[in-house]
Amino acid sequence: MKTKTFPANYKNLGLISQFIVDIAVEAGFTPSDVYAIQTAVDEACSNIIDHAYGEENIGDIKIKVTQTDNKLQIILIDQGEPFKPDEIPEPDISSPLELRKERGLGIFFMRKLMDDVYFEFSETKGNILTLEKHKGS
Amino acid sequence: MELTVTEYSHCNILKITGRIDSYSAPQVKDVITKLIDDGHHNIIVDLQDVPYLSSSGILTFVNAQRKLKRENTGELVFVNVPDLIFSNFQLAGFDTIFDFHNDTASALGRF
């Protein structure tokens, strides 16, 4: 397992992406899957800054990556406000341009691009987001 | 990230180099807003050297397009969009609100 902790700010998004991309490439994922994993993690971290912490440099994002033969599991932990994904409506991607809502596109990407996405909240640990990607999925 | 604007007679090309995420998207927004405020309403965005585009980046372009279409003054089109980035436009359902061109000559011809 590889673990790294980053201060939760926008400037670190590039470093976080590089950390994840290097692991996904080394694990043998296709370029398309690597991009999907990068997108899901980047959107998750942006949401942590925007919604869990509410602004930059309030806390950290701890990232734990576990690799098995066919799967990459990425766990993101923050100590921000409890995140309630069910309260964020899925965007209606077929609605006209003028009516499209902006909120929720990040979670939408996470759910579409990864095989499994779990949100948990623990009083002691904080928000725990688990993202999983299977090879060839 | 680097942003370069080249002015043509009927449009401007905005060439972006580097990843566009929540950190850099505001810079892109500022440049596009200035172009529109200065009366340059036909904008070609070249993403050839953009390795990653987040939802915040996509929404920056969507909001610019929304403004241009609402006021019916011009249009934002793309050129040289990498396949992986285009697939996220498709996933979000935003591939239908922009013209995507494979080369600069074709994009310039749009205007």
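Protein sequence lines, in the order shown, are assigned to chains A and B.
Residues in the first sequence are numbered consecutively from 1083, following the numbering used here.
Residues in the second sequence are numbered consecutively from 16, following the numbering used here.
Every residue, glycine too, gets a C-beta built ideally from N, C-alpha and C.
Given the structure is predicted, the values throughout are model-derived calculations rather than measurements.
Rounding to the nearest angstrom, what Cα-Cα distance links residue i and residue j in this structure?
i	j	result
K1166/A	K1194/A	18 Å
Y23/B	T75/B	23 Å
L201/B	Q1161/A	Here chain B covers residues 16 to 126 and nothing more, so residue 201/B does not appear.
Y1200/A	L1211/A	6 Å
K1053/A	S102/B	Here chain A has residues from 1083 to 1219 only, and residue 1053/A is not among them.
L123/B	H1133/A	40 Å
F115/B	V96/B	7 Å
E1137/A	I1131/A	6 Å
L1154/A	T1148/A	6 Å
L1171/A	F104/B	Correcting the residue type first, residue 1171/A is Pro in the shown sequence and not Leu. Computed Cα separation, rounded: 19 Å.
I1143/A	F1088/A	5 Å
D61/B	L1158/A	33 Å
Drop a sphere of 10 angstroms on the beta-carbon of residue i, count the other beta-carbons inside from all chains shown, and report buried for 16 or more, exposed for fewer.
i	result
E90/B	buried
P1173/A	buried
N27/B	buried
M1083/A	exposed
In three-state terms, what does DSSP make of residue i?
i	result
E1180/A	helix
E1137/A	coil
D1160/A	strand
T111/B	coil
E22/B	strand
D1174/A	coil
S1204/A	strand
Smallest Cα separation from residue i: which of the options?
i	options	result
N87/B	F101/B, F93/B, V94/B and H55/B	H55/B
S121/B	I59/B, G33/B and A40/B	I59/B
K44/B	D118/B, N117/B and Q80/B	Q80/B
My understanding is that residue i touches residue j, with C-beta atoms under 8 Å, so please give their C-beta distance in whole angstroms.
i	j	result
L1181/A	M1196/A	Incorrect: roughly 27 Å between the Cβ atoms, too far for contact.
F113/B	F126/B	14 Å between Cβ atoms; not a contact.
V77/B	R34/B	V77/B to R34/B, Cβ: 18 Å. No contact.
V1227/A	I1098/A	The first residue shown for chain A is 1083 and the last is 1219, placing residue 1227/A beyond what the model contains.
M16/B	S37/B	With a Cβ gap of about 12 Å, M16/B and S37/B do not count as contacting.
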